[in-house]
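All residue numbers in the sequence shown are consecutive under the numbering used here, ending with 964.
Idealized CB from N, CA, C, for every residue including glycine.
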Amino acid sequence: MENEEVQNVSTTGDFPVYDAEAIETKWQRIWEEQNLYKTEEDSSRPKKYVLEMFPYPSGDLHMGHARNYTIGDAMARQARMRGFDVLHPMGFDAFGLPAENAAIKHNTQPSVWTHKNIDQAVKTMFRMGFAYDKDRMFNTCDPEYYKWGQWIFLKMLEKGLVYRATSPVNWCPNDKTVLANEQVVNGKCWRCGAVPEKRELSQWYLRITDYAQELLDDLDQLEGWPERVRAMQANWIGRSEGAEIDFILADTDGVTPTDTKMTVFTTRADTIYGCTFMLLPPESKLAAELVGDSEYKAAFDALHEEAVKVSSIDRQGTDREKHGVFTGRYAINPVTGRTVPIWVADYVLLDYGTGAVMGVPSGDKRDFDFAKKYDLPIVPIICEEGTDIYEELKGVSDYKVTSVDWDGPMDTVGVLVQSGPFTGLRGGKHSEAEEAVVAYLTEHSVGRRTVQFRLRDWLISRQRYWGNPIPMIHCDCCGDVPVPYDQLPVMLPDNLDLAAGDTLAECKEFVETTCPKCGKPAKRITDTMDTFTCSSWYYLRYCDPHNTELPFSKESVDRWMPVDNYIGGIEHAILHLLYSRFFTKVLRDLGMIDIDEPFKNLMTQGMVKDEHGDTMSKSKGNVVPPSSVIEPYGADTMRLAILFVAPPEKDFDWDEKAIAGANRFIKRAWRVVWELSRTADASAVLDHTALDSKSLELNRVLNAMGIRCTTEFDKGQFNTAISAVMELVNAASAYINEVPAESRDAALCYKVANDVVAMLAPIIPHWAEELSHEALGKDVPVYHQPWPEFDPEQAKSNTVEIAVQLKGKVRARIEVSADASEEELTAAATKAIADQLEGKEIKKVIVVKGRLVNIVA
């Protein structure tokens, strides 16, 4: 490699002063010219795929991005030095609403806005020295990429995993588009924070529920994921084992059975004797049919209108006041034969279970509150002492348990009362009572064992322009017809005036087409796909980004997948990670890949917060741009500070003092390496057995701290890895100050200088590259140099510190030889506390080698 002098730098003594801007500019240009980070595809090496979640290009990078990418870059660089063939790509998740809204605001096209931001982000990325393979960089808004997203959609359609349905959906009134269930977070739109409404729309769905059980089961494979993330996914998938129970709808007389069934799902079939009413959600079509034009219609319509304005999470809250309307109709309990009234309640959700619920006020707090409010019967059948329901029922004579077949107390924990032949059995989920009731229901063909999931099919339709067009055509004769593969990609028009309100649905050139089946005039589907479809398979495209025949080749995926280290925020625990796992399993079943899971190890880095403890975000206006640190201190200083200030998974408060401290260490380490290099000899052989005491101690610290640094690097704990190198630099600095240049061991000086540079190279690569070439005289990039090796035997200390106790209390601590005899230890200990032993007789000495000497006097 070309050796270049850094221009215009002052010098102190016989080595240059550290000039971050000059050094970083120099090496970034050389790395670019040599295409240093192009993936080598060397099958003789083990592979390592390191990937950070790619950004949305809403502007320049902020400190949160910088932290994420610095973590991944340090991992990738160190893996290359450890002998791995490394894939470390980057791209941009470029479709989506923010770019469209920004384009409208600035009266430009989303593509123009997006590519402008991408250009700026790329400049910042490479100014920070990230080792990305530029040849594999792509944007999801490029037709060469989104063509294959459409191709995958059509493959899913062929497999029966795509369908169109009219159903109530979450409508964001601010963004004017629908949201998947996963995109309603704490009752609000995940992106803008608006409270979604319920609307009835015809939408496109992916059958993610077909994979619900496998998505749940395979969480056990993800041992390299944080337990918190696995738990979040398991809770979201929400597997519930229970039973479906058929209630027969009574005729308008309220007694005569009809042929219509109301099926409910419950995990507590054992509470069926306590069912005193039935519940339907306000959005239920059956509820509307039951109410009809009766006297209850006005109240039902008002309840429906209010319910759709409230989020699902808020509607289910136990503390929220419940609202309901009687339908005027009844159902027949299949076990007791009693008729129970059918009500509509706003705390019942259409997408839970079957959309119908049996009300058991003695077993559910929400049902209990509803029954009290509307004066509905409450039959205690399993009231446990200590519960809210028990406390309210206790002493209320109207609700007193009266049963001829049960003499036990009301507070018998978990035992059914007033439950016919099941009285006395222990109740609860998966209990003997639940098993017995389900067996009875199954035997009488009025119920069955079943499993339900909280997870719902993925709604991917979006009513906005800037997204991947759904490759479907609607023909009045043929229905919904897929776009032929040879006509992909369906391209977005680039002439819409979004500021004037133009939409895809109004763009004749886009909408009007011909049916691929019958050739008659037809219309394109104008919904675009949820942007999460783009990010659900991008990691596979990185394996083979220039493939024009397929999204990727199986051979390339076999080589690189799964991703070995995936780095991103905890906020993606449900949305992105769950969808990516789903796509991986579908593509496996299509025969395109062989893996079950996409990401082997997951690191969720903590947030970067401002001086007030608030998470940095553009919306809050508290973002610290990387340039504010790079310009005065350099990229290496920022990289070091980011990795040293806290463990990667922890949040940290942005602190200017940490930046200044990182810069001071870099300058100190710079001086130490240069000073060591003056007396270093690369050709000399290091013989640790021939070292004097001071050299031997530096050699011990080198090996001990090198082992610690390597171990902590492997665990992703960069702050402690850096701390180990700092200890080594301190020891080297002391050695330089204490040992004259002519007395230093030349081989040891070279080894220490070389290993300090190597261990810091993944973290501060420009600094390391300059020292490697200019101070150590190497002509191989540090990226291609090997990670140093360390000897555990040489890391052992020749001395140990032991405690000296007098009558069990520590009186002193002394350094002694590691192999000192008991006699030597006793002598050293008595000498250390001689003044305290004056006038006393030593009766006993207890020696614990390597730990303590206890003197009894």
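Using the rule of at least 16 other Cβ atoms within 10 Å of the residue's Cβ for burial, across every protein chain shown, is Met-598 buried or exposed?
The count along the sequence shown starts at 1 and reaches residue 598 at position 491. The residue in question, Met-598, is exposed, as its Cβ has fewer than 16 Cβ neighbours within 10 Å.
Compute the Euclidean distance between the alpha carbons of Ile-737 and Asp-852, then round it to the nearest angstrom.
Here the question's residue 737 lines up with position 630 in the sequence shown. Here the question's residue 852 lines up with position 745 in the sequence shown. So the alpha carbons of these two residues sit roughly 37 Å apart.
Decide if Ile-953 is buried, meaning its Cβ has at least 16 other Cβ atoms within 10 Å, or exposed.
The residue labelled residue 953 in the question sits at position 846 within the sequence shown. Burial call: exposed.
Taking the alpha-carbon positions, what's the Tyr-740 to Ala-776 distance?
The residue given as residue 740 occupies position 633 in the sequence shown. The residue given as residue 776 occupies position 669 in the sequence shown. Between Tyr-740 and Ala-776, the C-alpha separation is close to 15 Å.
Could you compute how far the alpha carbon of Tyr-890 sits from the alpha carbon of Glu-148?
On the sequence shown, position 783 is the one that residue 890 refers to. On the sequence shown, position 41 is the one that residue 148 refers to. About 16 Å.
Beta strand (DSSP E) containing Trp-311: first to last residue?
Working through the sequence shown from its first residue, we reach residue 311 at position 204. Unbroken beta strand (DSSP E) run through Trp-311: 304–313.
Could you tell me which whole beta strand (DSSP E) segments of length 3 or greater appear in the stretch 779–821?
Listed in chain order, there is nothing to give.
Mind checking which residues open and close the alpha helix (DSSP H) that includes Gln-912?
To locate residue 912, count along the sequence shown from 1; it is residue 805. Counting along the chain, Gln-912 falls outside any alpha helix (DSSP H), though it belongs to the beta strand (DSSP E) covering 906–913.
If you draw a straight line from the alpha carbon of Ser-117 to that of Pro-123, how long is it in whole angstroms?
Taking the first residue of the sequence shown as 1, we reach residue 117 at position 10. Taking the first residue of the sequence shown as 1, we reach residue 123 at position 16. Because Ser-117 sits at a pLDDT of 31, beneath the cut-off of 50, its placement in the model cannot be relied upon, and the following sentence gives the value as read from the coordinates. Roughly 6 Å separates the two Cα atoms.
Residues in its own chain within less than 7 Å of Glu-321 by CB, not counting five upstream and five downstream?
Your numbering for residue 321 matches position 214 in the sequence shown. Cβ within range, chain order: Lys-692.
Go through the stretch 246–298 residue by residue and report every complete run of the alpha helix (DSSP H) that reaches 4 residues or more, in order.
Counting only runs of 4 or more, we get 250–265.
Check whether the stretch 609–620 touches the stretch 657–667, counting contact only when three or more Cβ pairs, one atom from each stretch, lie closer than 8 Å.
No: fewer than three Cβ pairs fall under 8 Å.
Bridge partners for Ser-568 per DSSP, in chain order?
The sequence position of residue 568 within the sequence shown is 461, counting from 1. Ser-568 pairs with Met-636.
Taking all protein chains shown into account, do 16 or more other C-beta atoms lie within 10 angstroms of the C-beta of Val-808, making it buried, or fewer, making it exposed?
Translated into positions along the sequence shown, residue 808 becomes position 701. Val-808 comes out buried.
Helix, strand or coil for Asp-514 per DSSP?
Residue numbering aside, residue 514 sits at position 407 when the sequence shown is read from its first letter. Annotation note: pLDDT 43 at Asp-514 (below 50); position unreliable, coordinate value reported separately. Note: Asp-514 maps to coil in three-state DSSP.
Looking at C-beta atoms only, is the number of pairs between the stretch 550–568 and the stretch 303–322 that lie closer than 8 Å three or more?
In short, these stretches touch, since the Cβ pair count reaches three.
Would you say Asn-770 and Gln-901 are within 8 Å of each other, going by their C-beta atoms?
As a first step, residue 770 must be located in the sequence shown, where it is residue number 663. As a first step, residue 901 must be located in the sequence shown, where it is residue number 794. Result no, Cβ atoms of Asn-770 and Gln-901 do not sit closer than 8 Å.
Mind listing, in chain order, the continuous alpha helix (DSSP H) runs of no fewer than 4 residues lying wholly within the stretch 333–408?
Those alpha helix (DSSP H) runs which fall completely within the stretch 333–408 and span 4+ residues are 334–344, 392–398.
May I ask you to verify whether the stretch 403–417 touches the stretch 341–356, counting CB pairs closer than 8 Å and requiring at least 3?
Not touching, per the Cβ criterion.
Which partner residues of Ser-924 appear in the DSSP bridge assignment?
The residue you call residue 924 lines up with position 817 of the sequence shown. According to DSSP, Ser-924 bridges with Thr-906.
Given this structure, state the Cα-to-Cα distance separating Ala-209 from Thr-247, to the nearest angstrom.
Your numbering for residue 209 matches position 102 in the sequence shown. Your numbering for residue 247 matches position 140 in the sequence shown. Distance between the alpha carbons of Ala-209 and Thr-247: 18 Å.
Look up Val-113 in the DSSP assignment and say whether it is helix, strand or coil.
Sequence index remark: in the sequence shown, residue 113 carries index 6 (1-based). At Val-113, the pLDDT of 34 sits below 50, so the modelled position is not reliable; the number obtained from the coordinates is stated separately. Val-113: coil per DSSP, three-state reduction.
Taking C-alpha atoms, which residue in Thr-378, Gly-444, Asp-408, Gly-462 lies nearest to Thr-434?
Here residue 434 is taken as the residue at index 327 of the sequence shown, counted from 1. Checking every option, the nearest Cα to that of Thr-434 belongs to Asp-408.
Report the residue from Ile-773, Ile-677, Asp-240, Leu-750 whose alpha carbon sits nearest the alpha carbon of Gln-141.
Taking the first residue of the sequence shown as position 1, residue 141 is located at position 34. The shortest C-alpha separation from Gln-141 is found at Asp-240.
Do you know how far the Cα of Ser-879 is from the Cα of Lys-885?
For the purposes of this step, residue 885 is identified with residue 778 of the sequence shown, where counting begins at 1. For the purposes of this step, residue 879 is identified with residue 772 of the sequence shown, where counting begins at 1. Taking the straight line joining both Cα atoms gives about 6 Å.
Taking the alpha helix (DSSP H) that Leu-548 falls in, what are its first and last residues?
Indexing the sequence shown from 1 puts residue 548 at position 441. Start and end: 539–550.
Taking only three categories from DSSP, how would you classify Leu-329?
Position 222 of the sequence shown, counted from the start, is the residue given in the question as residue 329. If DSSP states are grouped into helix, strand and coil, Leu-329 belongs with coil.
Assuming Arg-436 contacts Tyr-454 under a Cβ cut-off of 8 Å, what Cβ separation, rounded to an integer in Å, is found between them?
For the purposes of this step, residue 436 is identified with residue 329 of the sequence shown, where counting begins at 1. For the purposes of this step, residue 454 is identified with residue 347 of the sequence shown, where counting begins at 1. About 20 Å separates the two Cβ atoms, so there is no contact after all.
Apply the 10 Å Cβ neighbour rule to Arg-243 and answer buried if 16 or more other Cβ atoms are within range, or exposed otherwise.
Position 136 of the sequence shown, counting from 1, holds the residue named residue 243. Flag for Arg-243 reads buried.
If Ile-632 sits next to Met-339, beta carbons under 8 Å apart, how far is it from one beta carbon to the other, in whole angstroms?
Here residue 632 is taken as the residue at index 525 of the sequence shown, counted from 1. Here residue 339 is taken as the residue at index 232 of the sequence shown, counted from 1. Between Met-339 and Ile-632 the Cβ distance is about 33 Å, and since that is not below 8 Å, they are no contact.
Contact between the stretch 834–849 and the stretch 917–928: three or more CB pairs below 8 Å?
With the cut-off at 8 Å, the stretch 834–849 and the stretch 917–928 do not touch.
In or out: Pro-516 buried (at least 16 other Cβ within 10 Å) or exposed?
Locating residue 516 in the sequence shown gives position 409, where the first residue counts as 1. Per-residue confidence for Pro-516 stands at a pLDDT of 44, beneath the threshold of 50, marking its modelled position as unreliable; no derived number is given.
With distance defined between alpha-carbon atoms, name the residue in Ala-181, Ala-173, Glu-804 nearest to Leu-867.
Within the sequence shown, numbered from 1, the residue matching residue 867 stands at position 760. That would be Ala-181, whose Cα lies nearest to the Cα of Leu-867.
Kindly identify the DSSP beta-bridge partner or partners of Gln-1006.
What the structure shows of the chain is the stretch from 108 to 964, and residue 1006 is not part of that stretch, so it cannot be assessed.
If we ignore side chains and look at the alpha-carbon of each, how far apart do Arg-445 and Ile-439 end up?
As a first step, residue 445 must be located in the sequence shown, where it is residue number 338. As a first step, residue 439 must be located in the sequence shown, where it is residue number 332. So the alpha carbons of these two residues sit roughly 6 Å apart.
Leaving out five residues on either side along the sequence, give the residues of the same chain with a beta carbon under 8 Å from the beta carbon of Asp-512.
The residue you call residue 512 lines up with position 405 of the sequence shown. In this predicted model, Asp-512 has a pLDDT of only 35, less than 50, meaning its place in the structure is not dependable enough to derive any value.
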